[in-house]
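For reference, the structure is listed below as structure tokens.
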Amino acid sequence: MTQTRLHLTTGRIDAARIFAAFETAFEEDGFPLALLEVDEALDIQEISLYADGDVDEAERRMHAVLDELSLPLTIRREAVPDVDWVALSLEGLKPVRAGRFFVHGAHDRQKRRSGDLAIEIEAGLAFGTGHHGTTAGCLEVLEEVARRERPKNALDLGTGSAVLAIALAKFSHIPVLATDIDPVATRVAADNVRLNGVSALVKTATAPGFHHPVFSQRGPFDLIVANILAKPLMRLAPQMARHLTPGGSIVLSGILERQRNAVLAAYAGQKFRHVRTLAREGWVTLHLKR
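Residue numbers are given in this note's numbering: position 119 of the sequence shown equals residue 219, and the series is strictly consecutive.
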């Protein structure tokens with residue numbers, strides 16, 4: 101089957117904004133995305149989206165995203181044969197450093213440094229390789245919170261590829277429950293947990309909501325991290341409060357800068373206080389305490 105590669109080029113800063121916006125706009129479609137550096141000296145980066153089916157509609161939606169960002173860029177097309185684009189895009193990703201954490205694919209194992217808390221991720225079909233601003237922001241905030249508060253029991257809600265759960269297990273050596281509503285993500289998360297040698301600490305589970313018995317079995321939690329999206333985070337505020345120990349912390353991301361105040365208001369209604377906001381690539385990560 102032939103796919104069409106829809107691609108555009110721009111500078112590093114705009115490329116990061118566009119890639120993050122495309123991830124959000126197309127997250128339900130399963131279209132592979134790639135961000136590659138074409139020329140470091142000239143600051144040229146290329147963003148590609150691989151579409152099949154209605155390519156005209158995919159391109160229209162890409163232009164709509166670019167219009168929202170006020171970036172009138174040209175989108176070009178290229179017919180390509182069907183290959184494993186997930187694997188190919190992962191090979192093109194550079195490793196990410198966030199605090200002590202070093203998130204990388206198998207092809208970058210040799211770049212680990214002494215003192216790194218290395219997390220090897222093969223994302224497969226699940227969201228979250230550490231390259232998205234929300235995941236990297238969470239890693240940075242989690243390291244600070246875990247160092248200061250020394251949590252004893254944590255929850256990674258909407259774990260994706262389990263980057264954050266693995267990070268907590270490696271940094272704090274505590275039990276972590278990693279859940280997702282998508283069974284594919286849960287399988288990928290479990291594979292990554294085994295790959296990183298933290299199976300004794302991290303339990304993965306497919307759980308569509310807080311009513312699932314695994315939460316009462318493993319909770320309450322003194323640290324909850326949820327890197328999902330703003331609207332579900334707002335809906336979950338009362339349940340977050342019920343499953344958090346007194347004085348515990350929550351770290352929230354998947355929130356656009358313009359959505360920050362609405363999310364804070366939802367959690368203020370549950371007696372959470374705002375501790376810190378970290379902005380990264382148009383997204384924010386929030387640290388709240390109750």
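Here a beta-carbon is modelled for each residue, glycine too, at the ideal position from N, C-alpha and C.
Check, Outcome
"Assigned exposure category for residue 207 - 16 Cβ within 10 Å defines buried", "exposed"
"Per DSSP, the bridge partner or partners of residue 256", "278 and 325"
"Span of the beta strand (DSSP E), counted from its first residue to its last, around residue 175", "Run containing residue 175: none; DSSP gives neither H nor E here."
"CB contact flag (residue 253, residue 320, <9 Å)", "yes"
"Residue 151 - containing beta strand (DSSP E), residue span", "144–151"
"Separation of residue 204 from residue 150, as counted between CA atoms", "23 Å"
"Sequence ranges, beta strand (DSSP E) only - wholly within the segment 286–344, length at least 3", "302–306 and 321–327"
"Contacting residues, own chain, Cβ-Cβ under 7 Å from residue 378 (five flanking each side not counted)", "237, 240, 241, 384 and 385"
"Test item: CB-CB of residue 201 and residue 244 under 9 Å", "no"
"Distance, residue 318 Cα to residue 280 Cα", "15 Å"
"CB-CB length for residue 251 against residue 169, believed under 8 Å", "37 Å between Cβ atoms; not a contact."
"Burial state of residue 361 (16 or more Cβ within 10 Å)", "exposed"
"Residues near residue 109 by beta carbon distance below 6 Å, same chain, minus five either side", "144 and 146"
"Secondary structure of residue 349, DSSP reduced to three states", "strand"
"Three-way DSSP call (helix, strand, coil) for residue 228 in this model", "Caution is warranted here: a pLDDT of 48 is assigned to residue 228, below 50, making its placement in the model unreliable, and the coordinate value is therefore given only provisionally. Looking at residue 228 - three-state DSSP - the assignment turns out to be coil, as it is neither helix nor strand."
"Cβ-Cβ separation, residue 158 to residue 106 (assumed contact under 8 Å), whole Å", "6 Å"
"Contact check, residue 327 vs residue 353, beta carbons under 9 Å", "yes"
"CB-CB length for residue 271 against residue 217, believed under 8 Å", "6 Å"
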